[in-house]
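Protein chains in written order, with the numbering used here: chain V, 7 to 101; chain U, 7 to 101; chain G, 7 to 101; chain L, 7 to 101; chain A, 7 to 101; chain B, 7 to 101; chain Z, 7 to 101; chain W, 7 to 101; chain P, 7 to 101; chain D, 7 to 101. Cβ atoms here follow ideal geometry from the backbone N, Cα and C, with glycine treated the same way. All figures in this text were calculated on a predicted structure; none of them were measured in a lab.
There are 10 protein chains.
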Amino acid sequence: MALFHARMDVRIPHDLDPDVRADIVAREKAYSQELQRAGKWPHIWRIAGEYSNISILDVADADELHTMLSALPLFPYMEIKVTALATHPSDINAG
Amino acid sequence: MALFHARMDVRIPHDLDPDVRADIVAREKAYSQELQRAGKWPHIWRIAGEYSNISILDVADADELHTMLSALPLFPYMEIKVTALATHPSDINAG
Amino acid sequence: MALFHARMDVRIPHDLDPDVRADIVAREKAYSQELQRAGKWPHIWRIAGEYSNISILDVADADELHTMLSALPLFPYMEIKVTALATHPSDINAG
Amino acid sequence: MALFHARMDVRIPHDLDPDVRADIVAREKAYSQELQRAGKWPHIWRIAGEYSNISILDVADADELHTMLSALPLFPYMEIKVTALATHPSDINAG
Amino acid sequence: MALFHARMDVRIPHDLDPDVRADIVAREKAYSQELQRAGKWPHIWRIAGEYSNISILDVADADELHTMLSALPLFPYMEIKVTALATHPSDINAG
Amino acid sequence: MALFHARMDVRIPHDLDPDVRADIVAREKAYSQELQRAGKWPHIWRIAGEYSNISILDVADADELHTMLSALPLFPYMEIKVTALATHPSDINAG
Amino acid sequence: MALFHARMDVRIPHDLDPDVRADIVAREKAYSQELQRAGKWPHIWRIAGEYSNISILDVADADELHTMLSALPLFPYMEIKVTALATHPSDINAG
Amino acid sequence: MALFHARMDVRIPHDLDPDVRADIVAREKAYSQELQRAGKWPHIWRIAGEYSNISILDVADADELHTMLSALPLFPYMEIKVTALATHPSDINAG
Amino acid sequence: MALFHARMDVRIPHDLDPDVRADIVAREKAYSQELQRAGKWPHIWRIAGEYSNISILDVADADELHTMLSALPLFPYMEIKVTALATHPSDINAG
Amino acid sequence: MALFHARMDVRIPHDLDPDVRADIVAREKAYSQELQRAGKWPHIWRIAGEYSNISILDVADADELHTMLSALPLFPYMEIKVTALATHPSDINAG
Numbered sequence: 007m008a009l010f011h012a013r014m015d016v017r018i019p020h021d022l023d024p025d026v027r028a029d030i031v032a033r034e035k036a037y038s039q040e041l042q043r044a045g046k047w048p049h050i051w052r053i054a055g056e057y058s059n060i061s062i063l064d065v066a067d068a069d070e071l072h073t074m075l076s077a078l079p080l081f082p083y084m085e086i087k088v089t090a091l092a093t094h095p096s097d098i099n100a101g
Numbered sequence: 007m008a009l010f011h012a013r014m015d016v017r018i019p020h021d022l023d024p025d026v027r028a029d030i031v032a033r034e035k036a037y038s039q040e041l042q043r044a045g046k047w048p049h050i051w052r053i054a055g056e057y058s059n060i061s062i063l064d065v066a067d068a069d070e071l072h073t074m075l076s077a078l079p080l081f082p083y084m085e086i087k088v089t090a091l092a093t094h095p096s097d098i099n100a101g
Numbered sequence: 007m008a009l010f011h012a013r014m015d016v017r018i019p020h021d022l023d024p025d026v027r028a029d030i031v032a033r034e035k036a037y038s039q040e041l042q043r044a045g046k047w048p049h050i051w052r053i054a055g056e057y058s059n060i061s062i063l064d065v066a067d068a069d070e071l072h073t074m075l076s077a078l079p080l081f082p083y084m085e086i087k088v089t090a091l092a093t094h095p096s097d098i099n100a101g
Numbered sequence: 007m008a009l010f011h012a013r014m015d016v017r018i019p020h021d022l023d024p025d026v027r028a029d030i031v032a033r034e035k036a037y038s039q040e041l042q043r044a045g046k047w048p049h050i051w052r053i054a055g056e057y058s059n060i061s062i063l064d065v066a067d068a069d070e071l072h073t074m075l076s077a078l079p080l081f082p083y084m085e086i087k088v089t090a091l092a093t094h095p096s097d098i099n100a101g
Numbered sequence: 007m008a009l010f011h012a013r014m015d016v017r018i019p020h021d022l023d024p025d026v027r028a029d030i031v032a033r034e035k036a037y038s039q040e041l042q043r044a045g046k047w048p049h050i051w052r053i054a055g056e057y058s059n060i061s062i063l064d065v066a067d068a069d070e071l072h073t074m075l076s077a078l079p080l081f082p083y084m085e086i087k088v089t090a091l092a093t094h095p096s097d098i099n100a101g
Numbered sequence: 007m008a009l010f011h012a013r014m015d016v017r018i019p020h021d022l023d024p025d026v027r028a029d030i031v032a033r034e035k036a037y038s039q040e041l042q043r044a045g046k047w048p049h050i051w052r053i054a055g056e057y058s059n060i061s062i063l064d065v066a067d068a069d070e071l072h073t074m075l076s077a078l079p080l081f082p083y084m085e086i087k088v089t090a091l092a093t094h095p096s097d098i099n100a101g
Numbered sequence: 007m008a009l010f011h012a013r014m015d016v017r018i019p020h021d022l023d024p025d026v027r028a029d030i031v032a033r034e035k036a037y038s039q040e041l042q043r044a045g046k047w048p049h050i051w052r053i054a055g056e057y058s059n060i061s062i063l064d065v066a067d068a069d070e071l072h073t074m075l076s077a078l079p080l081f082p083y084m085e086i087k088v089t090a091l092a093t094h095p096s097d098i099n100a101g
Numbered sequence: 007m008a009l010f011h012a013r014m015d016v017r018i019p020h021d022l023d024p025d026v027r028a029d030i031v032a033r034e035k036a037y038s039q040e041l042q043r044a045g046k047w048p049h050i051w052r053i054a055g056e057y058s059n060i061s062i063l064d065v066a067d068a069d070e071l072h073t074m075l076s077a078l079p080l081f082p083y084m085e086i087k088v089t090a091l092a093t094h095p096s097d098i099n100a101g
Numbered sequence: 007m008a009l010f011h012a013r014m015d016v017r018i019p020h021d022l023d024p025d026v027r028a029d030i031v032a033r034e035k036a037y038s039q040e041l042q043r044a045g046k047w048p049h050i051w052r053i054a055g056e057y058s059n060i061s062i063l064d065v066a067d068a069d070e071l072h073t074m075l076s077a078l079p080l081f082p083y084m085e086i087k088v089t090a091l092a093t094h095p096s097d098i099n100a101g
Numbered sequence: 007m008a009l010f011h012a013r014m015d016v017r018i019p020h021d022l023d024p025d026v027r028a029d030i031v032a033r034e035k036a037y038s039q040e041l042q043r044a045g046k047w048p049h050i051w052r053i054a055g056e057y058s059n060i061s062i063l064d065v066a067d068a069d070e071l072h073t074m075l076s077a078l079p080l081f082p083y084m085e086i087k088v089t090a091l092a093t094h095p096s097d098i099n100a101g
């Protein structure tokens, strides 16, 4: 398995139709929670004061990660920055 | 409790005495693991390819966070950037 | 309690309807003053020459901070950057 | 009177003599507290996780500000960024 | 009196009505020249190759500066960065 | 398998002993070529005009990548930035 | 022959007609694959989590590179950054 | 005479009328070539992969430079950055 | 004549001999004042809170400017950024 | 042939032996002029106010460019940024 850190900044255009927007946000939440339940998205935090999140993704590889992230309903409206994570030698939970 | 995200980049001067360095790194590991066991430092990951980590800290408040981080043996040799985390509305473990 | 520093840069689109804009700005002011009176927003300063402010927020935690800031009428039109504050050891008012 | 916001990042060289360093830090604290007591430095906060502070200075003008800051014992070891503050129209304490 | 340095970058939207634009630019020039004649805006230079200026403002304080700059007809279309100036010890006109 | 892009900028201190330096550079080359022969480091290019390379690494996962990169003799003297690569939908070799 | 590294970030406006968009993306893929088959574009990778690619181009010179890239159907909607590559002295495949 | 280096990045809005755009680009080329023939614009190069140029301008002074550049038909759609050039002491054509 | 704006940031190494430093600073001041008296350096301001100045230089051309600045005793210890200034069309003293 | 633009920023350590420094600078000049005479380095300009140059290099390819630049006596003390140049369609000397 492969662990990735992602920061996602949401930038929805101000003139997007409110119904379209509400629908996208609702589908985003449903899809995110489905991935969380599947264990693919173990952590998601809100960055205080920003329409942004920091997430940890746990996937087979970068291909699965990209497929997953690019399927997010908000993907066209987000700036995402991915960082590949390795095991830290001080981690008490590591092997 | 308060949750913080921290990125720590280690920059040890090349001319630091190797014994001093080894001692600092050993004490850093011990202290980090002690805080992990106490539940104050629930996650630590290595950023692949860099002498850096991304950590999640779980503390009473920013005062405890600063006291804890500034007591790290590597603190004088690290650049640390803290981000305050809030609960994400899509988090299935929230609420 | 938790103290946060925030810099807020306002970027209202030029084509926003002037009445909508005036209403948002009026509600922003009312809401900000309500929070100031409640002691949640002890300081707000204008950055000279910019449509921006620097604020100090005094809240229970990052969750309350995010709830409060994301409820600002101008939130969709602001770029906000939050910094977590700790007590400074030289502060004469500190414990 | 003139209000200024300053962010000060301390960068003491690793090879500075420990006694010299301790003396500078002690004198810095004494001088800072003297200025706080005189009402010139109404707020000083630690940025959580960094050897940095955010301060509010209340002085006659930029000349007094520069004289004051450049007299700080840590001045040669700090990177300081000053922002001029104006009254915010929503400030309930203004006017 | 207080001296400030300001860099102003003009960014007028391409789709602004040409008559509106011409009117704003004309009023900007008139207002700027009125402030120059009043001694509040002693210097204004064009940055070669850019729709930008570097200015020196001579005002009572940051409140007057902000009132003045935010009243510029181009203010909604400019990015302004202010720097507080102090007397330089080598200035032959100082003291 | 996992594919990573890495940019490595070499910054050897000017005062490093020339023999130590020559030894590090020689060991770096030998180790890099051993990894190339093992198929772990399929591409390495010099950035024209800079003491830097752009590399493609083909490893089991981020743990192997970090172990491999942090074992480079030049690792303490390099700034490395890793990017996780996924298959591009237009790639004629993907499949 | 000349080797170039290019990072291409796609930024298609949200209000582009979906049919126009689909047509551009389809033509981009066809053209990219034609160039890949011709050996001019030996590598193309997706940056995980971003609508971006990292590519290696193998052309006669910078003129051919620019002609090729500026003919991409997505060129008006991409930010491209080119880096000239030289042979790395450790490359086992280098002459 | 005064020598300036300029980098010009063209950013034409996607929704500009194609005929208007074609006209601007044609007039830009004609004007640029007229200035080249007059010896005012001795060099113009395309940055490979970008809708940008690097130019050397040879004019009387910064006033002539600004008059010339701000008269470019593409000026409202370009970001320009000017650098003042001096004679290099190693230049074999100098002095 | 040619007008330039320069920002100069002084970065004297902490381990420079105090006598050497005092001598450099004294010669810098004398040379700066000589140039001010000659009308070559009409304005010099201190940036409040920083060991930096903002200056206006009035010279024959960029060659004279570079000769003048590179002869400053502090030149080896300064980061200088020059901006070429043109006449602003709103300047009441122009024309 | 291949044309490249390079910006070179010189950063010689303050504690380099003055004789070593003088020798490096003298050899740099001789080598640069030899390359200029050979037609490989058609232009070199000083950036006014900085210990930096902007150069145009005319070489067979990126390999020759890197060999040439990395052989500069000042190479270990310079930060170099290379940009690949293509023919500009408005260039009256092209074609």
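Q.
Starting from Ser58 of chain W, trace the beta strand (DSSP E) in both directions and tell me its first and last residue.
A. 58 to 65
Q: Could you spell out the range, first to last residue, of the alpha helix (DSSP H) harbouring Met74 of chain V?
A: 68 to 76
Q) So the beta strand (DSSP E) Asp15 of chain W belongs to, where does it begin and stop? A) 8 to 16
Q: Determine, using beta carbons only, whether Arg52 of chain V comes closer than 7 Å to chain G.
A: yes
Q: Tell me, please, whether the region 51 to 58 of chain V touches the region 66 to 75 of chain G by the rule of three or more beta-carbon pairs shorter than 8 Å.
A: yes
Q: Please name the residue, chosen from U:Ala90, U:Asp97, U:Asn59, that lies closest to Leu80 of chain U on a Cα-to-Cα basis.
A: U:Asn59
Q) Of the residues that make up the region 76 to 96 of chain D, which ones have a beta carbon closer than 7 Å to any beta carbon in chain Z? A) Val88, Ala90, Leu91, Ala92, Thr93
**Q.** Integer-rounded CB distance, given that Ser61 of chain U should sit under 8 Å from Ala12 of chain U
**A.** 5 Å
(Q) Under 8 Å, with one C-beta from each stretch per pair, do the region 33 to 53 of chain Z and the region 85 to 97 of chain B reach the 3-pair mark? (A) yes
Q: Excluding the 5 residues preceding and the 5 following Ile18 of chain B in the sequence, name in chain order all residues of the same chain whose CB lies nearer than 7 Å to its CB.
A: Arg27, Tyr83
Q. Are there 16 or more other CB atoms within 10 angstroms of the CB of Ile86 of chain L, so buried, or fewer, so exposed?
A. buried
Q.
Is there a Cβ of chain C sitting closer than 7 Å to that of His72 of chain Z, yes or no?
A. No chain C appears in the structure shown, which is made up of the protein chains V, U, G, L, A, B, Z, W, P and D.
Q: In the DSSP assignment, find the unbroken alpha helix (DSSP H) run with Ala100 of chain U in it and report its ends.
A: Element bounds for Ala100 of chain U: n/a, residue is neither H nor E.
**Q.** Other residues of its chain near Ser38 of chain U: CB distance less than 6 Å, five sequence neighbours each side excluded
**A.** none
Q: Return the bridge partner residues of Arg52 of chain A from the DSSP annotation.
A: A:Asn59, P:Ala92
Q: Could you tell me whether any Cβ in chain V is nearer than 7 Å to the Cβ of Ser38 of chain U?
A: yes
Q: Can you give me the Cβ contacts of Asp15 of chain B inside the same chain, cut-off strictly under 6 Å, excluding the 5 residues immediately before and after it?
A: Ser58, Glu85
Q) For chain W, is any of its Cβ atoms less than 7 Å away from the one on Asp67 of chain P? A) yes
Q: Determine the DSSP secondary structure at Lys46 of chain D, reduced to helix, strand or coil.
A: coil
(Q) For chain P, check one thing: does any of its Cβ atoms lie closer than 7 Å to the Cβ of Ala12 of chain W? (A) no
Q.
Excluding the 5 residues flanking Ile30 of chain L on each side, which residues of the same chain have their C-beta closer than 7 Å to its C-beta?
A. Pro79, Leu80
Q. Does the distance from the CB of Ala90 of chain P to the CB of Ala90 of chain W come in under 7 Å?
A. yes
**Q.** Contact list for Glu34 of chain P against chain L, beta-carbon separation under 7 Å
**A.** Chain L residues near Glu34 of chain P: none, gap ~16 Å exceeds 7 Å.
Q. For Met74 of chain W, does the count of other Cβ atoms within 10 angstroms reach 16, so buried, or fall short, so exposed?
A. buried
Q | Own chain partners of Glu34 of chain V with C-beta closer than 8 Å, once the 5 adjacent residues on each side are dropped | A | Leu78, Pro79, Leu80
Q: Kindly say whether Ala100 of chain P, judged by its beta-carbon, lies nearer than 7 Å to any beta-carbon of chain W.
A: no
**Q.** One or two residues paired with Lys35 of chain G in a DSSP bridge
**A.** DSSP, once it has assigned bridges, lists no residue as partnering Lys35 of chain G.
Q) Can you tell me whether His20 of chain L is buried or exposed, with buried defined as 16 or more other CB within 10 angstroms of its CB? A) exposed
Q.
Let me see if you follow: with CB-CB separation under 7 Å, is His20 of chain V close to chain G or not?
A. yes
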